[in-house]
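Chemist: Structure below; questions to follow.
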Amino acid sequence: MWYNATRTRHTFHSELCNKGGQVRKYGLLVCLILAVTAFSAAARQGSFLDSLTFITVPSQVDAIQRVVAGDIDMHGYQVTGGTVALLDQNNIPYNKAFSGYRGLLFNPADYSSDGRFNPLADQVICQAVQKLVDRDLWAAEYLVGNALPMYSPILPTDAVYPAIIVEATKTKIAFAFDEALALQMINDRMLALGAVKNGAGNWTMVNAVSGATYVIEVVGTIRVSDERWQMGDYFCDQLEKAGFTTRRIYGGGGDLYNYWGLSIPSDLTWNFYTEGWGSSGISLTSASTWAQMYTDITGGGFPYDDMTPAWCDATFGEGFYEAAQDIYVGNYDSAEARLELFRLCESLAREFPTHIWSWNNASAYMIPEGISVIHDLAAGTFIHNFVTHSLRYVDADGAPILGGHMVVSNQEFLVNAINPIDGSNWTYDFMFMRPTQDFPINSHPHTGIPIPHMVESAAIQVLTGKPVIIDSTTVDDGWCTLEFVDSIAVPGDAWSDWDAANQVFIPASVVYPGGVTDAASKVTITYPAWLLDGSVVWHDGSPLSLADLVCGMIVGFPFDQAKPESAIYDQYRVSDYETGMSTFRGLRIVQVEPQLIVEIYDSAISLYAETIAQGQAGILWPQSQAQSYTPSWHQLAVGYYTEAAGLGAFGSAKATDLGVDWISYIDGPQLQILLGNLGTATFENFLPYAPTLGQYVTTAEIVDRYQNLSEFAAKYGHLWIGTGPMILSQVDTLAGITVLENNPDYFYPAGHYLGRGFDVVGIPAVVASGPDTVDIGTEAVFNVAITLDGEAYPVGNIKNVIYLLIDAQGQIAYDGAGTIVGDGAARVTLTAAQTATLTAGANRLEVVVVVKTVVLPGQTSVSFTTL
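What follows is the structure, encoded as structure tokens:
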């Protein structure tokens with residue numbers, strides 16, 4: 003595949019860099035003298051920094067040592083587990099984020115094509131191994147307490163968690179560590195399947211194809227760059243206790259992806275992978291969680307592309323796929339109906355768990371002295387969209403310093419192909435891609451509330467009775483409004499589908515000849531007048547145009563790739579299309595001048611008006627829904643040529659099926675093919691989707707676009723462009739180095755998002771206290787103290803208090819709401835009638851406090867004995 007080919011290597015210069023009087027040698031890195039200039043918002047567009055260089059340092063310990071030695075400025079990825087202590091020992095400041103979680107992903111194929119059995123695709127064994135692992139031990143020992151044990155993809159820190167805490171706790175109880183029971187379950191199941199232990203105590207079976215007896219082998223692909231190494235070894239050790247023979251394949255993310263990520267499930271070259279996930283920001287709704295982790299809906303690549311509706315129904319039970327899809331698109335009529343969908347997914351996934359969810363990192367993100375950046379409570383430092391708007395050197399007083407060349411390490415880079423349609427979705431790669439991009443609406447780094455970035459306003463209409471709310475801060479800002487109406491009519495000229503054969507949109511009057519009868523929401527997006535007047539330009543100097551936005555809708559929805567008539571048809575994008583079309587009813591361009599106004603109609607909703615606006619604003623935008631990239635139409639064109647000719651594919655699964663390279667815009671043979679196609683497109687004045695885009699592009703603009711992209715490629719050596727505050731200027735894929743430089747033509751000035759309160763994080767500290775013993779049949783009162791930095795949390799910022807009582811049998815006895823009694827104070831009362839149903843023994847009261855200022859709830863527990 004693409005990454006096994008010879009890669010293009012660009013030249014880096016070795017110079018001395020003087021920062022703060024300290025001379026540093028960076029080898030291949032580009033370094034210049036730090037410009038120490040007083041900050042002025044009017045003095046500079048784009049980012050504070052002149053350049054931002056990312057280098058690969060796989061070891062967290064090595065990265066910290068290099069920061070201490072002055073070799074690099076900071077480590078940009080999370081610091082986890084016991085390594086956090088090194089930050090304290092070296093007096094390196096840091097912020098915490100629940101920014102990543104880990105697990106064990108199972109191969110879904112029950113048998114290999116040559117007849118070998120996969121025990122981790124058997125329902126009973128999947129349930130048993132959940133109890134075979136001690137998550138508390140993992141969090142306490144491997145992570146040294148810097149993690150929360152995890153039993154489901156809905157994290158304890160997710161906004162929806164308090165509302166489904168009962169169902170989530172059932173999962174926690176069902177998967178509680180019980181080694182003896184787990185081993186017995188596995189033994190009984192293997193015997194029932196006809197397996198026999200050999201003289202060495204290892205399970206054997208008769209091959210279903212060859213008839214020969216073989217030893218069952220479990221192959222683990224184990225990441226070695228963090229605590230997943232220990233987790234993978236632990237799991238293999240436990241499996242060996244159960245009688246399985248294991249084989250362990252160790253490596254980095256990119257190496258292992260080559261082994262498992264591009265395999266065919268039924269080849270059974272692997273049985274489990276030590277997976278890790280990151281976040282690009284706080285999600286208010288967790289709408290994509292079940293769809294992403296257990297279905298093919300979001301186009302997550304292998305093995306998720308194989309998790310079709312039929313597979314989900316057979317594996318989890320009927321209704322799972324539909325529920326995950328309904329959550330994802332917002333197809334529900336009430337807030338309680340939405341929560342029931344979450345509960346259904348939680349309970350069905352518990353019956354056939356295809357992952358072992360392990361822990362949610364409480365990761366440290368270093369912010370060394372002399373550096374400042376906005377911190378996201380979910381994404382950490384370098385994955386969210388505010389990074390390059392805020393990353394800067396600061397003086398002793400904390401004032402921004404304009405300019406400078408910052409060097410940041412990351413655990414890995416350039417793991418998968420980089421292309422603007424369906425390329426790498428690795429968190430590591432997002433670190434250098436996100437600074438090059440722009441999106442219409444971002445999210446608050448602490449609350450997750452959407453914030454307008456490239457839109458002026460959004461007017462939301464939903465049917466009366468629909469469970470949609472709007473945050474008070476949004477009302478105060480005034481950019482988004484919410485109105486309830488009795489009916490929503492979809493105009494007949496709205497674009498409702500795509501005709502790939504003729505390359506034109508199909509109007510609603512044709513798609514719905516009887517009219518749309520189920521539209522539940524209408525979003526009117528008004529874009530700023532400056533968006534399309536030449537003020538916003540691509541990195542090659544081409545002005546952002548309406549053609550870019552329309553092209554983004556064609557390929558991003560995705561419309562074109564999901565149609566067999568398309569020259570770039572990809573069967574793995576069909577589920578994305580079908581999911582979108584299940585609720586999408588049309589988009590209409592109301593006007594272009596003096597500013598663009600667009601209406602989007604849908605039969606579904608979201609819980610928040612702002613998230614409805616955020617989701618719909620991304621439809622008419624140069625944005626790939628697969629991985630949230632931002633392609634221009636002329637950048638897309640050169641890849642379109644390549645895939646249409648069968649010389650590569652935007653998506654990895656299609657590339658694997660065809661035996662061609664996964665298209666990369668930055669390196670390797672694919673880049674050379676793309677550059678050749680750029681010449682062809684220039685010669686032919688090629689315009690993709692000409693019957694539609696031709697309405698918005700002149701011949702002169704086509705010529706200018708390709709000329710601009712050609713000059714950009716000649717200067718920078720690649721074809722990756724965006725409209726963001728930084729430009730990808732240099733790439734060394736062999737060394738794992740990328741260099742970004744400031745975009746002087748960026749629309750917003752440096753520091754655009756400073757001074758908005760993003761530096762204040764109000765996560766509550768919660769402590770519960772009460773009686774050590776409670777007489778059965780008597781009332782018990784527990785006090786809850788809620789503080790922030792030692793001060794009582796303002797009562798006006800406390801949303802609600804939830805409790806859960808776990809009885810002496812380890813089961814949920816009661817759940818309910820506590821009483822907020824004042825600043826920093828709440829109370830949970832167990833009535834005499836409730837305690838009368840308890841038996842003698844140890845009980846645990848779990849308390850969750852939800853506040854308004856941050857999405858992360860405060861949590862605590864207190865134990866007591868009933869007599």
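The numbers in the working numbering rise by one with no breaks, and the one at position 184 of the sequence shown is 186.
Here a beta-carbon is modelled for each residue, glycine too, at the ideal position from N, C-alpha and C.
Skipping 5 residues on each side, what residues in its chain have a beta carbon closer than 8 angstroms to that of G256?
Modeler: Once the five neighbours on either side are set aside, the close Cβ partners of G256 are Y5, E414, L416, V417 and N418.
Chemist: Just to confirm, is the Cβ distance from P437 to M192 under 8 angstroms?
Modeler: Going by C-beta atoms, P437 is not nearer than 8 angstroms to M192.
Chemist: Please classify T291 as buried or exposed, where buried requires at least 16 other C-beta atoms within 10 Å of its C-beta.
Modeler: By the 10 Å Cβ count, T291 comes out buried.
Chemist: Could you tell me the alpha carbon to alpha carbon distance between V853 and A210, rounded to whole angstroms?
Modeler: If I take the Cα positions, the gap works out to 56 angstroms.
Chemist: Give the secondary structure of L869 by DSSP, where H, G and I count as helix, E and B as strand, and everything else as coil.
Modeler: Note: L869 maps to coil in three-state DSSP.
Chemist: Relative to the C-alpha of A521, which candidate in A510, P530 and A531 has its C-alpha closest?
Modeler: Checking every option, the nearest Cα to that of A521 belongs to A510.
Chemist: Per DSSP, what kind of secondary structure is M583 in: helix, strand or coil?
Modeler: M583 falls in the helix class under three-state DSSP.
Chemist: Taking DSSP as the reference, what is the three-state secondary structure of G588?
Modeler: Three-state DSSP puts G588 in a strand.
Chemist: Report all residues from its chain with a CB closer than 6 angstroms to the CB of F559; omit the five preceding and five following residues, and keep chain order.
Modeler: Closer than 6 angstroms at the Cβ level, and outside the excluded window around F559, lie G582.
Chemist: Is Q732 near the ligand NAD - that is, is its Cβ less than 7 angstroms away from at least one heavy atom of it?
Modeler: Among the ligands in the structure shown, none appear at all, so the ligand NAD cannot be discussed.
Chemist: Give the DSSP-derived three-state secondary structure of N932 in the structure shown.
Modeler: Limits of the chain in this structure are 3 at one end and 869 at the other, which puts residue 932 out of reach.
Chemist: Which residues bound the beta strand (DSSP E) around M728?
Modeler: Here the beta strand (DSSP E) through M728 covers M728 to D734.
Chemist: Who pairs with N710 in a beta bridge, going by DSSP?
Modeler: N710 is not bridged to any residue.
Chemist: Using the DSSP secondary-structure output, state which residues sit across from K199 in a beta bridge.
Modeler: Beta-bridge pairing links K199 to W205.
Chemist: Less than 7 angstroms between C-beta atoms, sequence neighbours within five positions excluded: which residues of the same chain meet that for Q871?
Modeler: A query on residue 871 cannot be resolved here, the shown segment of the chain reaching from 3 to 869 and no further.
Chemist: Verify whether the separation of the beta carbon atoms of V640 and Y529 is less than 8 angstroms.
Modeler: Taking 8 angstroms as the Cβ cut-off, V640 and Y529 do not qualify as a contacting pair.
Chemist: Would you mind stating whether A692 and Y708 have Cβ atoms separated by less than 8 angstroms?
Modeler: Their beta carbons are not under 8 angstroms apart, which means A692 does not touch Y708 by this criterion.
Chemist: Return the CA-CA distance between L122 and P671, expressed in angstroms with no decimal places.
Modeler: Taking the straight line joining both Cα atoms gives about 38 angstroms.
Chemist: Using a threshold of 8 angstroms, state whether the C-beta atoms of T323 and T297 are closer than that.
Modeler: Correcting the residue identity first, residue 323 is Tyr in this sequence and not Thr. Result yes, Cβ atoms of Y323 and T297 sit closer than 8 angstroms.
Chemist: Check whether the Cβ atoms of A99 and L286 lie closer than 8 angstroms to each other.
Modeler: The answer is no: Cβ separation not under 8 angstroms.
Chemist: What are the start and end residues of each continuous alpha helix (DSSP H) run of 4 or more residues lying completely inside the segment 350-399, in chain order?
Modeler: DSSP runs (the alpha helix (DSSP H)) wholly in the segment 350-399: 389-392.
Chemist: Report yes or no: do three or more beta-carbon pairs, one from the segment 819-839 and one from the segment 773-787, lie closer than 8 angstroms?
Modeler: Counting Cβ pairs under 8 angstroms, three or more are found: they touch.
Chemist: Return the Cβ separation of F714 and N421 in integer angstroms, given the expectation that the two are a contact with Cβ distance under 8 angstroms.
Modeler: That belief does not hold up - the Cβ atoms of F714 and N421 are roughly 16 angstroms apart, past 8 angstroms.
Chemist: Whole-angstrom Cβ separation of N799 and H377, contact assumed at under 8 angstroms?
Modeler: The Cβ separation is near 20 angstroms, so there is no contact.
Chemist: Find the nearest neighbour of C553 within the set D190, L695, A819 and E848, judged by alpha-carbon distance.
Modeler: Ranking D190, L695, A819 and E848 by Cα distance to C553 puts L695 first.
Chemist: Beta-carbon within less than 6 angstroms of L34's beta-carbon, same chain only, minus the 5 sequence neighbours each way: which residues are those?
Modeler: Caution applies to L34, whose pLDDT of 30 falls short of 50 and renders its modelled position unreliable; the value that the coordinates give is listed next. Cβ within range, chain order: H407.
Chemist: From the DSSP output, in three-state form, read off M295 for me.
Modeler: Helix at M295.
Chemist: Since I believe G283 is in contact with Q80 (beta carbons under 8 angstroms), could you give me their beta-carbon distance rounded to a whole number of angstroms?
Modeler: So it is not a contact: roughly 15 angstroms between Cβ atoms.
Chemist: In the DSSP assignment, what are the bridge partners of T247?
Modeler: Paired residue(s): E219.
Chemist: Identify the continuous beta strand (DSSP E) that holds E743 and give its terminal residues.
Modeler: Looking at the DSSP string, the run of the beta strand (DSSP E) that includes E743 is I739 to N744.
Chemist: Using the C-alpha atoms, what's the distance from L551 back to D440?
Modeler: Distance between the alpha carbons of D440 and L551: 13 angstroms.
Chemist: Contact defined as beta carbons within less than 8 angstroms: I believe T276 pairs with I218. What is the distance between those atoms, to the nearest angstrom?
Modeler: Not confirmed; about 20 angstroms, so no contact.
Chemist: Return yes when the Cβ of G83 is within less than 8 angstroms of the Cβ of Y153, no when it is not.
Modeler: It is not a contact, given that the beta carbons lie outside the stated cut-off.
Chemist: Do the segment 596-604 and the segment 443-450 make contact, defined as three or more Cβ pairs closer than 8 angstroms?
Modeler: At 8 angstroms Cβ cutoff, the stretches do not touch.
Chemist: Go ahead and pull the three-state DSSP assignment for R829.
Modeler: Of the three classes helix, strand and coil, the one that applies to R829 here is strand, per DSSP.
Chemist: Let me know if L258 comes out buried or exposed under the rule of 16 or more other beta-carbons within 10 Å of its beta-carbon.
Modeler: Its Cβ being crowded by 16 or more others within 10 Å, L258 is buried.
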